[in-house]
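So the structure is just underneath, and the comments pick up after that.
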Amino acid sequence: MLFNSWEFLCLLLVTLVLYYAPWSAGRHGKAWQVMVALIASVVFYGWEDPKLLGLLAVSCVGNSVATARIILYKVRGDETRVRHWVKLAVILNLLLLGVFKYAPFFAGMMPFLPAEWVKAIQETAPPIGISFYTFHGISMIVDVARGEVTRESDAMLSRGTRFAKGVRDIGFYLLFFPQLVAGPIVKAKQFWPQIAAKRWSDIPWIHVIRSLILGFFLKMVVADNLAEQTLGLTKPWLNVLGPLDLILLLYGYSMQIFADFAGYSLIAIGLAALFGYEFPINFNFPYLSTSITEFWRRWHMSLSAWLRDYLYIPLGGNRKGEMRTYLNLFLVMFLGGLWHGAEWKFALWGSLHGVFLGIERFCFRNQKKNDQARPAWRSVLGWIYTFHAVTILWLTFLMPDLNQIAYYFRELLVPGRFLGPTVFTTIVFGSAVVVYHALGWIRENRKETFARFRGSFSEAVIYGVLLFLILTNSGPPQGFIYFQF
Amino acid sequence: MIGIGIGFAVCIGLQSLAYFGFNWKTGKGESNYFSTLGRFQVAAHPAARVALAGSSISGRIPGREAGFHDIANLGADGGAAIDAITLITRGKIETPEWLIIEANTMHGGVTEGESTLVKAAQGAWFSVGGKLPLLGHTARPSAMLYAALLRRPVALTGEDFPVTPDRVGIPQNKNAFRFTDDEKKRLRQYERELGVLQGKGCKLIIATFPAGDMTEREDWLMRKSIAELVHRYPMTYLDLKQQIPRDRLLFTDSVHLAPKSATDVLATIKAAIRRIESK
């Protein structure tokens, strides 16, 4: 089910009414609310294809059982068994991911497999959101093993009802629909302490309205309108366009992918707030970055934080010498690339980001942290380099394979027509992303001006304009780009 | 909340003013998808005397949205005649007296299920937009801005060219071509839907429009499809592509007619209908 569909609106309204029903304020309020949200999440996920629920159930039950065992042995001080269960649970999660997401990738590399098997495996689409809920599962296992999640986990210590309650809360963390399909990747230690009875009067309405209006605007008005034109970057339309169209559309795609994913994340954040949960921000004006290193602190921040906490630091981070740091950076980005999809193009995307990170670390190794004295021209040059490197690398997301990426660059040399709708759409809808980032720049560099604007009448009027555009100027309905990951 | 309401209300006011400036309808917007849905919405009610079902080729022929009230332009940008035909047979667009089916792109379009356009035109938002013009697809602010920048003038009078109903000639030297399974399915779709249309009393004309060149196979496919449909459902075939001298027409690109030429082609179709009716 998509956030921008009528079915979702109906589900949301029904869920909200039941979630905050009068009896939710009673003694069993928390249990009621968690169950309502759980059932809504199951409907949300299984709406298009109920078969997908089977795999989700395996992930949920497997992780719940493992978590219960880890807590039990942790309390008893049996670290060997804790490690054993952590390994087992991580393997279960990676196995699910490996079989259902990476089987096509590996099947293609096995020459002894019959061609029709390989074709059948490659034509099977991976279950929606598997990368996200697998990462949630691993986060839960590791956070519990590290002792960073304790409050709710106490419930796992006794049998019977209390055990069931614990499993219910774990299921809730894994399945909660705002984050289920495409994040933000909320860590267990961020989510579990929030599980409690919620009250209607505690809803932070201004935060909810801001997040939902801005999120739906970025997705439905900006990303969906741009998507109709950027389709031109794929065959067979690619060879109809001239070089200027191709360049403009690539910028357009850069804006689109930001608007699509940032929009989704804002909607998820707004929806979670509606149910009384606070999700971390996922995007912090990433196109203001003046280096790739900074870009990864601003783009898909919940993934970057996950990779840092559960991969980079366990690999040794920067504590094992310079060479090992470069290797770790590269490995994390390479695997981060493959996390997006089981294809070489994603491996290339991650690897190149890793190379950029390594080069930047090497070139600026003597620069002090938070060096504010950097001249403006260096920031501008840094911004140009970062934006263009990131934008060119987005081609790997858009194009079906590396051949078509090469074809795109060849077509840049072939004269062709300049199409009105391409130019118009990219400028009109792309400019919304530019304005959004300009506001971000003001927020970071002109704090007083931004403080005067925040919460003012002018800001409310702007949200009114965005709401108007959502109703009258949305693009053709499209799925979210990150659903495929 | 008051600020949001004021911002929203001001925008509605500005949109109404702009839409009024466009005489409550815009033509081609920046989006193929919404331009097509906008044409369908404008054409849906009341029933037109003549409707044109096809792709963006017939989408350039001026219709109700350009002031020709008896003409419903049902050209689907990036689609084919089957989209509009399906919507007429399902009652989403009222059945016209005459339906001109563009043959140039008949070989395109869906073979399984419904196209996204047909799905959208059967959705709630399409009906809402039909009843509340400001929520209609032709009232999109970006479409109005694009139309204002494009400033494509509509020619209100056209010169008709002498054309006569034709027999379909299938080049004999191209018999090596065969229908693929998908093409057979598509042809069956047309057969089914045209049967329903004739049952509703709609008079059918199939026409090739002046447009770009086709490959040998596309040309064969089009002619063979026309021949099969005409054989099954007796209807008039107008070969506008062959009978209107290309040097008398202007195109905005290699495929689509310029406004004046599009009006000329419309005048030609209307004259042909008058001749058929007078017989």
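Protein sequence lines, in the order shown, are assigned to chains A and B. If you count the first sequence from 1, you need to add 5 to reach our numbering. If you count the second sequence from 1, you need to add 524 to reach our numbering. Glycine included, C-beta positions come from ideal geometry on N, C-alpha and C.
Open item on the list: Against chain A, with Cβ distances strictly below 8 Å, would G531(B) count as a contact?
Closed with: Taking 8 Å as the threshold, the shortest C-beta distance from G531(B) to chain A falls below it.
- [ ] Locate the alpha helix (DSSP H) running through E707(B), then write down its first and last residues.
- [x] 705-723 is the span of the alpha helix (DSSP H), which, as asked, contains E707(B).
Open item on the list: In this structure, how does DSSP classify A42(A) when only helix, strand and coil are distinguished?
Closed with: A42(A) falls in the helix class under three-state DSSP.
TODO: Compare the C-beta of C726(B) with all C-beta atoms of chain A and state if any pair is closer than 8 Å.
DONE: Taking 8 Å as the CB threshold, C726(B) stays off the interface with chain A.
- [ ] Have a look at the DSSP bridge pairing and note the partners of I750(B).
- [x] None, per the DSSP bridge assignment.
Task: Element boundaries [alpha helix (DSSP H), containing I318(A)] - done: Run containing I318(A): none; DSSP gives neither H nor E here.
- [ ] Closer than 8 Å by beta-carbon distance: list the chain A residues that pair up with R664(B), in chain order.
- [x] Neighbours of R664(B) on chain A, chain order: T477, N478.
- [ ] Starting from the beta carbon of L576(B), find every residue of chain A whose beta carbon is closer than 8 Å, and list them in chain order.
- [x] In chain order: nothing, as chain A lies at least about 22 Å away.
TODO: Between the Cα of R86(A) and those of N98(A), L100(A), L99(A), A71(A), spot the shortest distance and give me the residue it belongs to.
DONE: Nearest option by C-alpha distance: A71(A).
Task: Cutoff 6 Å; reference F222(A); Cβ partners in own chain excluding five residues on either side - done: Counting only Cβ-Cβ distances below 6 Å, and skipping sequence neighbours, we find L471, I475.
Task: At least 3 beta-carbon pairs within less than 8 Å: the stretch 432-440 of chain A vs the stretch 249-267 of chain A - done: Flag = yes, the stretch 432-440 of chain A and the stretch 249-267 of chain A touch.
Task: Contact residues within the stretch 170-204 of chain A, judged by C-beta distance below 8 Å to chain B - done: Residues passing the 8 Å Cβ filter: none.
TODO: Indicate whether the contact test is met: 3 or more Cβ pairs, each with one atom in the stretch 542-555 of chain B and one in the stretch 760-768 of chain B, closer than 8 Å.
DONE: A contact is defined here as three or more CB-CB pairs under 8 Å, and the stretch 542-555 of chain B fails this definition with respect to the stretch 760-768 of chain B.
Open item on the list: Please tell me whether E742(B) has its Cβ less than 8 Å away from any Cβ of chain A.
Closed with: For E742(B), the closest Cβ of chain A is not nearer than 8 Å.
Task: Element boundaries [alpha helix (DSSP H), containing Y413(A)] - done: Segment 407-416, the alpha helix (DSSP H) holding Y413(A).
- [ ] Within 10 angstroms of the Cβ of Q372(A), are there 16 or more other Cβ atoms? Answer buried if so, exposed if not.
- [x] Result: exposed.
TODO: Check the Cβ-Cβ distances between Q646(B) and every residue of chain A, and say whether any is below 8 Å.
DONE: By this cut-off, Q646(B) is not an interface position.
Open item on the list: Is there a Cβ of chain A sitting closer than 8 Å to that of Y670(B), yes or no?
Closed with: The beta carbon of Y670(B) falls within 8 Å of a beta carbon belonging to chain A, placing the residue at that interface.
Open item on the list: T560(B) and D601(B) - do their beta-carbons sit closer together than 8 Å?
Closed with: Yes; because the gap between Cβ atoms is below 8 Å, this pair is in contact.
Task: Which listed residue (W242(A), I318(A), V80(A), V226(A)) has its alpha carbon closest to that of Q483(A) - done: Per the Cα distances, V226(A).
Open item on the list: Which residues of the stretch 291-319 of chain A have a Cβ closer than 9 Å to any Cβ of chain B? Give them in chain order.
Closed with: Here the close residues number zero.
Task: 4-residue-minimum alpha helix (DSSP H) runs that sit fully inside the stretch 598-654 of chain B, ordered along the chain - done: Residue ranges of uninterrupted alpha helix (DSSP H) with 4 or more members, entirely inside the stretch 598-654 of chain B and ordered along the chain, are 605-613, 640-645.
TODO: Tell me, please, whether the CB atom of F462(A) is closer than 8 Å to any CB atom in chain B?
DONE: At least one CB of chain B lies nearer than 8 Å to the CB of F462(A).
Open item on the list: My parser needs the alpha helix (DSSP H) runs of 4 or more residues fully inside the stretch 214-296 of chain A; what are they?
Closed with: Look at the stretch 214-296 of chain A and you find these whole runs of alpha helix (DSSP H), each 4 residues long or longer: 229-235, 248-279.
Task: Exposed unless 16 or more other CB atoms sit within 10 angstroms - verdict on S778(B) - done: Within a 10 Å sphere around the beta-carbon of S778(B) sit fewer than 16 other beta-carbons, which makes this residue exposed.
Open item on the list: Can you look up I760(B) in the DSSP assignment and give me helix, strand or coil?
Closed with: One detail in the question is off: residue 760(B) reads as Thr in this sequence, not Ile. Three-state DSSP puts T760(B) in a strand.
Task: G82(A), enclosing beta strand (DSSP E) - first and last residue - done: Counting along the chain, G82(A) falls outside any beta strand (DSSP E), and DSSP gives it neither H nor E.
Open item on the list: If you follow the beta strand (DSSP E) that G804(B) is in, where does it begin and where does it stop?
Closed with: Coverage of chain B is limited to positions 525 through 803, which leaves residue 804(B) absent and any answer about it impossible.
Open item on the list: Assuming the contact rule is C-beta atoms closer than 8 Å, H631(B) and M525(B) should be a hit. Round their C-beta distance to whole Å, please.
Closed with: Rounded, the Cβ-Cβ distance is 54 Å, inconsistent with contact.
TODO: Taking I467(A) as the query, report the chain B residues whose CB atoms sit under 8 Å from its CB, ordered along the chain.
DONE: Simply G531.
Open item on the list: For W354(A) and P405(A), I'd like the C-alpha separation in whole angstroms.
Closed with: Roughly 13 Å separates the two Cα atoms.
Open item on the list: Taking 8 Å as the threshold (beta carbon to beta carbon), is E233(A) in contact with chain B?
Closed with: The beta carbon of E233(A) falls within 8 Å of a beta carbon belonging to chain B, placing the residue at that interface.
- [ ] Apply the 10 Å Cβ neighbour rule to L538(B) and answer buried if 16 or more other Cβ atoms are within range, or exposed otherwise.
- [x] With fewer than 16 Cβ atoms within 10 Å of its Cβ, L538(B) is classed as exposed.
Open item on the list: Buried or exposed, going by whether 16 or more other CB atoms sit within 10 Å of the CB of H305(A)?
Closed with: Around the C-beta of H305(A), 16 or more other C-beta atoms lie within 10 Å, and the residue is accordingly described as buried.
TODO: At 8 Å on the CB atoms, spell out the chain B contacts of G346(A), in chain order.
DONE: Chain B residues near G346(A): none, gap ~24 Å exceeds 8 Å.
- [ ] Return yes when the Cβ of S136(A) is within less than 8 Å of the Cβ of V97(A), no when it is not.
- [x] Before going further, note that residue 97(A) is Leu rather than Val in the sequence given. Not in contact: L97(A) and S136(A) (Cβ atoms no closer than 8 Å).
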